[in-house]
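**Q** So the protein sequences, as listed, match chains R and U.
Count along the first sequence from 1, then add 1; that gives the number in my numbering.
Count along the second sequence from 1, then add 53; that gives the number in my numbering.
Ideal placement from N, C-alpha and C gives every residue a C-beta, glycine not left out.
As the structure is a prediction and not an experimental result, all values here were calculated from the model.
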Amino acid sequence: MTSMWRRFLALLMVFGLLTAACGSDSDSSSSSGSESGSSSSAEEEAPAEEEPVEEFKIGLVTDTGKVDDKAFNQSAWEGALAGAAQIEGATTDYIETEESKDYANNIQLFLDDGASVIITVGFGLGEATIEAAQANPDVLFIGVDQFQGEAIPNLAGLVFEEAKSGFLAGALAGMLTKTNIVGAVLGTDLVPPVVFFKEGWENGAKYTNPDVQTISTYHPGGLDVAFGDPEWGATTARQALDQGADIIFGAGGATGNGALIEVATEEGALCVGVDWDQWGTVPEAHPCLVTSAMKDIVKGVADLLVAAKAGTLTGGNFLGDVDIAPYHDFESMVTDEMRATIEEVRAGLADGSINPMPE
Amino acid sequence: MSRSLLRTISIPIAAVVFGLVIGAILILTQNASPGTAYKALLVGGAGDSDAVLRTLQKATPLIFGGLAVAFAFKAGMFNIGGQGQLLVGAVFAAGVGFGIDGLPLVIHLPVALLAGGIAGAVWGGIAGTLKATTGAHEVIVTIMLNFVAGNLTDWLAANPWKDNSGSNIVARTPLVEDSAVIPTFGAVPVGFLLAVITAITCWMILERTTFGFEVKSVGNNRHAADYAGIRVGRIMALTMAVAGLLAGLGGAVESLGVDGRFEAGVNVGLGFEGITIALLARANPLGVVPAALLVGLMEAGAARMQFKAGVAPELIDVIQALILFFVAAPIILRWVLRMRHDASEQLQLGAGWGRS
C-alpha cells in the first residue's frame, strides 16, 4: 500500500509541476481562439494602454456549433473578422456554445470582459440576447437570424428573407430541369428559415415552369439530428433522383450537404446549395453545384459592426442581402435568356411585384 | 477512512489524475498553458456563487441519469434508455407544470415531479417487461425507445403543447406555473438536494431492503436467484421501472428547475451522460454524486476555459473519455501504481450479455 501511495504522490507532484511551470504566463491577455481564423486576434492583442486608439472588443457567441462549421457560425465569424478589419483597435474573440442551456452564461463571459459589441449567432440565442441587451444598455448586441418583435435600442437583429433567396434558386431550377421534376432535401420544419427556403424554392420553380413537379422532404427527426444527418440527406436525395428529379436543393446543414454530395455522383444531375456559396465549402459537390441560395451573413455582420463603431447602430431589424451564388463551372449552361429571366425575377422580388410566399 | 473505502476510491481518483495529466499535455500541444486552462476551468466551475450554481445545475441531471444506469447495473442490466426516459419525464413534468394552475406549490410541484417520474418509469418499465416476458434484450429495446421518446416529445412540444404566446415559433411548451418551479436557495438549487437524497435512498434500497437484495441477487447470478425462489422476471421489470423513474425525475427537475419549460432539442445527450457517470462511480449510487459533480464542474467551466486559455471546449470531452478509459481498464492504473489485484473491485456490468 505505501509503495502505491508513494507513486501516487509522485504522479501528483509531476502534475503540479507541469501545471505550475506553464501557469506563469497568466491569463490576463491570452484570449485568442484556438482554431481556424483566429490569427487576426493574435495580431491585434497589443496592450490597450500603448495604443492611442480606444480598444473595441468584439465578442461572438456561436449557436451549438463551431466557428469552422463551413456554414452559419463560420459565416458570422468571418463577418466579425471582416468588420474588425475595418475598425481601428478592434479585437475579436469567440466562444463556442456546447449546450443551448449555456447561451446566457457565454454572453455573460463577454460582458464581464468588457466587450463593446456582442454578436450572437442563430435564432436559438434570441431570448438570451434580448435579456442581456435589456440588462446591459451600454453594450451593443447584434443578433444574427433573430427577428426583433419589439425594438430594443442596443440590439440589432440581422434577418434575411430566405423565401426570396429560395425563389431565385427555384426560378433557375425551373428553367434548368429537363424532367420537369425538382427535389429539395431539407432540415427540419421546426426552424422557420428552412420552411421559407423551401416555400420560396417551390414557388420560384413554378414561376418559371408552371408544369414543374416538386418533391420536397423535411428531415423527420428533432432539432438534435435534423441538421447533422448526411446519410439521411444522401438517401433522400437518391430517392428524389430515382423519382425523376434532375435538380436538387440541399438545405439543412450537414444533412443538406449529404444530399449535394450524393447528387454529385449522378451523371447529369444538378444541385443547389444553401446559406452561402457552397462552391467553396463543399468541394465534393462541384460536379453538380450550379448555384447556392445565399444570405450574406458575412457582409451583414461586417456592416453592422462598422455601424456600431460609428455610433449609428440602432435597434430593430436589419435586412441582410439575399441572392444566388455565381454559377462557377455551369456558366455556359445558364443561357442569356435564363439570365434575363433571373434579372427580371430579382427586380420583381426587390420591388415587391413578385411575392415569394403567397399564402 | 477505512482501508476498503480507500481501495474503492483509489482507482477513480487515479483515473481523474491521469486524465488531467494527459489533458495537460494535449493543452500544451495546442500552444496553450495547462495552468491557465485548468485555473479558468476551476474558476468557471467553482469560482463564485454563480459558478457553483452552474456546476450544481449541470450535476443534477447527471446524478439522476447516473443512478438510472447504476441501479439497472445492479440487476445485471444495461440501461441505455436514460435519454428517452429523461425526455418523457421532462415533457410530462412540464405538461403538468403549465397545464394546471391554481394549486399551491406544496401540491403542484410534487405532482409535476411525480408525473415526470411516472412517465420515465413507464418508459423504462416497457423495456423491463419485454425483457422479463419475451427475453427481448434491454439494450436493443431501450435504444429504440430513445428514438420513440425523442420524436414523441418533439411532437408534443411542436403541436398540442406548443407555446403559442407572442411571436414564438420554437417547438417548446409554455413556461410552467410559478407553483411548479423548483426554487433555488442562494447557489444551491433544490433539485440538486433532491438528487443527493435520491442517491442516498437508492443506496439504502440496494443495501438495506429485501428488494435491493433481490435485485443484486438477480445481477450476480440469475439462475441461482431463480433457484432461491426470487421471481426474476418481476425483479427485472421492476428494476427497469425504477431506473426509468430515476431518469424521469432527472428530466422533471431539468424542466421545472433549470429550463422552466420543455423545449425540443435542449436536453440532448443528458441521459447518455448518465452512462459515463455510472461507470465512473463504478455503479455505486453514492459514488454517482461526486462523479456527477466532477463532470458537472468540467462542463460548467469549459466555456471560460476556451475564453481565457483558448482551449477548445472539446478537450473536456477528451478528458472525460480518458478518465472513463482508465476506470474501465483499471489494469493500467494498477500496473502503474503497483496495486494488487482485488476481485472485490471487479465491476459487474450487464450480466445479461450472451444470454437470453
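#1: With a CB to CB cut of under 6 angstroms and the five nearest residues on each side skipped, what residues in its chain are close to residue 34(R)?
#2: Does the stretch 172–179 of chain R come close enough to the stretch 149–164 of chain R that 3 or more CB-CB pairs lie under 8 angstroms?
#3: Are there 16 or more other CB atoms within 10 angstroms of the CB of residue 238(U), so buried, or fewer, so exposed?
#4: So, helix, strand or coil for residue 216(R), using DSSP?
#5: Let me confirm a value: residue 247(R) is counted as buried when at least 16 other C-beta atoms fall within 10 Å, else exposed. Which label applies?
#6: At which residue ranges does the stretch 204–263 of chain U contain complete beta strand (DSSP E) runs of 3 or more residues, listed in the order of the chain?
#7: Checking contacts by CB at 7 angstroms: is residue 66(R) closer than that to chain U?
#8: Going by DSSP in three states, residue 88(R) sits in which element: helix, strand or coil?
#9: Can you confirm whether residue 99(R), when its beta carbon is compared against all beta carbons of chain U, has any partner nearer than 7 angstroms?
#10: Three-state secondary structure (DSSP) at residue 26(R)?
#11: Can you tell me whether residue 156(U) is helix, strand or coil according to DSSP?
#12: Starting from the C-beta of residue 357(U), find all residues in its chain whose C-beta is less than 6 angstroms away, skip the five residues before and the five after it, and write them out in chain order.
#13: Please confirm if residue 223(R) has its CB atom under 7 angstroms from at least one CB of chain U.
#14: Of the residues 234(U), 126(U) and 116(U), which one's Cα is nearest the Cα of residue 411(U)?
#15: Could you tell me how far apart the beta carbons of residue 215(R) and residue 183(R) are, in whole angstroms, since I believe they sit closer than 8 angstroms?
#16: Any beta carbon from chain R within less than 7 angstroms of residue 207(U)'s own beta carbon?
#17: When the distance is taken between beta carbons, is residue 223(R) closer than 7 angstroms to residue 155(U)?
#18: Can you tell me which of the three DSSP states residue 425(U) falls into?
#19: Between the alpha carbons of residue 244(U) and residue 322(U), how many angstroms are there, rounded?
#20: Could you work out which residues of chain U lie near residue 191(R), taking near to mean beta carbons separated by less than 7 angstroms?
#21: With DSSP as the reference, label residue 356(R) as helix, strand or coil.
#22: Comparing the C-beta of residue 107(R) with each C-beta of chain U, is any distance below 7 angstroms?
#23: Output, in chain order, the set of chain U residues within a Cβ distance shorter than 7 angstroms of residue 103(R).
#24: Using a Cβ-Cβ distance cut-off of 7 angstroms, determine whether residue 359(U) contacts chain R.
#25: My output table needs one value for residue 161(R): the three-state DSSP class, helix, strand or coil.
#26: For residue 45(R), decide whether its Cβ has a neighbour in chain U, counting only Cβ atoms nearer than 7 angstroms.
#27: How about residue 288(R): is its Cβ closer than 6 angstroms to a heavy atom in the ligand MG?
#28: Should residue 388(U) go down as buried or exposed, given a rule of 16 or more other Cβ atoms within 10 Å for buried?
#29: Take residue 143(U) and list the residues in its own chain whose beta-carbon comes closer than 6 angstroms to its own, dropping the five residues that flank it on each side.
#30: Using a cut-off of 9 angstroms between C-beta atoms, extract the partners of residue 131(R) located in chain B.
#31: Could you work out which residue in 199(U), 229(U) and 131(U) is closest to residue 313(U) when comparing CA atoms only?
#32: Can you find the residues in the same chain that come closer than 8 angstroms, C-beta to C-beta, to residue 175(R), ignoring five residues on each side of it along the sequence?
#33: Closer than 8 angstroms, Cβ to Cβ, to anything on chain U: give me those residues from the stretch 149–164 of chain R, in chain order.
#34: Ordered along the chain, which non-local residues of its own chain (more than five positions away) have a Cβ less than 7 angstroms from that of residue 87(U)?
#35: Measure from the C-beta of residue 120(R) to each C-beta in chain U and report whether the shortest distance is under 7 angstroms.
#36: Which residues mark the beginning and the end of the beta strand (DSSP E) in which residue 144(R) is found?
**A** Working from what's here:
#1: Numbered from 1 along the first sequence, position 33 holds the residue referred to as residue 34(R). Per-residue confidence for residue 34(R) stands at a pLDDT of 39, beneath the threshold of 50, marking its modelled position as unreliable; no derived number is given.
#2: A contact between stretches requires three or more CB pairs, one per stretch, nearer than 8 angstroms, and the stretch 149–164 of chain R fails this requirement with the stretch 172–179 of chain R.
#3: Counting from 1 along the second sequence, the entry for residue 238(U) is found at position 185. Label assigned to residue 238(U): exposed.
#4: The residue you call residue 216(R) lines up with position 215 of the first sequence. Strand.
#5: By 1-based counting over the first sequence, the position of residue 247(R) is 246. Under this definition residue 247(R) is a buried residue.
#6: DSSP runs (the beta strand (DSSP E)) wholly in the stretch 204–263 of chain U: none.
#7: Taking the first residue of the first sequence as position 1, residue 66(R) is located at position 65. No, because no Cβ of chain U sits closer than 7 angstroms to the Cβ of residue 66(R).
#8: Here residue 88(R) refers to the residue found at position 87 when the first sequence is read from its first residue. In this structure, residue 88(R) counts as coil in the three-state DSSP scheme.
#9: In the first sequence, the residue the question calls residue 99(R) occupies position 98. Yes, contact with chain U.
#10: The residue labelled residue 26(R) in the question sits at position 25 within the first sequence. With a pLDDT of only 44 at residue 26(R), under 50, the local geometry of the prediction cannot be trusted, and the value read off the model is given with reservation. If DSSP states are grouped into helix, strand and coil, residue 26(R) belongs with coil.
#11: Along the second sequence, one-based indexing puts residue 156(U) at 103. Looking at residue 156(U) - three-state DSSP - the assignment turns out to be coil, as it is neither helix nor strand.
#12: Within the second sequence, numbered from 1, the residue matching residue 357(U) stands at position 304. Excluding residues within five positions, the ones whose Cβ falls inside 6 angstroms are 93 and 97.
#13: For the purposes of this step, residue 223(R) is identified with residue 222 of the first sequence, where counting begins at 1. At least one chain U Cβ lies under 7 angstroms of residue 223(R).
#14: Residue coverage of chain U in this structure runs from 54 to 409, which leaves residue 411(U) outside it and unanswerable.
#15: Walking along the first sequence from the start, residue 215(R) turns up at place 214. Walking along the first sequence from the start, residue 183(R) turns up at place 182. Right, the Cβ-Cβ distance comes to about 6 angstroms (below 8 angstroms), so this counts as a contact.
#16: To locate residue 207(U), count along the second sequence from 1; it is residue 154. Yes, residue 207(U) counts as interfacial toward chain R.
#17: As a first step, residue 155(U) must be located in the second sequence, where it is residue number 102. As a first step, residue 223(R) must be located in the first sequence, where it is residue number 222. For residue 155(U) and residue 223(R), no; Cβs fall outside 7 angstroms.
#18: In the structure as shown, chain U starts at 54 and stops at 409, and residue 425(U) therefore has no counterpart that could be examined.
#19: In the second sequence, residue 244(U) corresponds to position 191, counting from 1. In the second sequence, residue 322(U) corresponds to position 269, counting from 1. Near 19 angstroms, if we compare the C-alpha coordinates of residue 322(U) and residue 244(U).
#20: Along the first sequence, read from residue 1 onward, the residue named residue 191(R) stands at position 190. Here the neighbours are 211, 224 and 317.
#21: Sequence index remark: in the first sequence, residue 356(R) carries index 355 (1-based). Three-state result, residue 356(R): coil.
#22: Stepping through the first sequence from its first residue, residue 107(R) is reached at position 106. It does: the Cβ of residue 107(R) has a partner Cβ on chain U nearer than 7 angstroms.
#23: As a working note, residue 103(R) is residue 102 in the first sequence. Chain U residues near residue 103(R): 356.
#24: Sequence index remark: in the second sequence, residue 359(U) carries index 306 (1-based). Cβ-Cβ to chain R under 7 angstroms: yes for residue 359(U).
#25: Residue numbering aside, residue 161(R) sits at position 160 when the first sequence is read from its first letter. Here residue 161(R) sits in coil by DSSP.
#26: Within the first sequence, the letter at position 44 stands for residue 45(R). Residue placement at residue 45(R) is poorly supported in this model, since its pLDDT is 42, which falls under 50; the coordinates still yield a value, given next. For residue 45(R), the answer is no, since every Cβ of chain U falls outside 7 angstroms of its Cβ.
#27: You won't find the ligand MG in this model; it holds no ligand whatsoever.
#28: Here residue 388(U) refers to the residue found at position 335 when the second sequence is read from its first residue. The residue in question, residue 388(U), is exposed, as its Cβ has fewer than 16 Cβ neighbours within 10 Å.
#29: What you label residue 143(U) is simply residue 90 of the second sequence in a count that begins at 1. Closer than 6 angstroms at Cβ, skipping near neighbours: 304, 307, 308, 315 and 320.
#30: No chain B is part of this structure, whose protein chains are labelled R and U.
#31: Within the second sequence, residue 313(U) is the residue found at index 260, counting from 1. Selected option, being the one with the closest Cα: 229(U).
#32: Counting from one through the first sequence, the residue named residue 175(R) turns up at place 174. Counting only Cβ-Cβ distances below 8 angstroms, and skipping sequence neighbours, we find 183, 205, 206, 207, 208, 209, 210 and 213.
#33: Near chain U, meaning a CB-to-CB distance below 8 angstroms, the residues of the stretch 149–164 of chain R are 150.
#34: For the purposes of this step, residue 87(U) is taken as residue 34 along the second sequence, with counting starting at 1. Cβ neighbours of residue 87(U) beyond the five flanking positions: 77, 80 and 81.
#35: Walking along the first sequence from the start, residue 120(R) turns up at place 119. Not one chain U Cβ lies under 7 angstroms of residue 120(R).
#36: For the purposes of this step, residue 144(R) is taken as residue 143 along the first sequence, with counting starting at 1. 141–145 is the span of the beta strand (DSSP E), which, as asked, contains residue 144(R).
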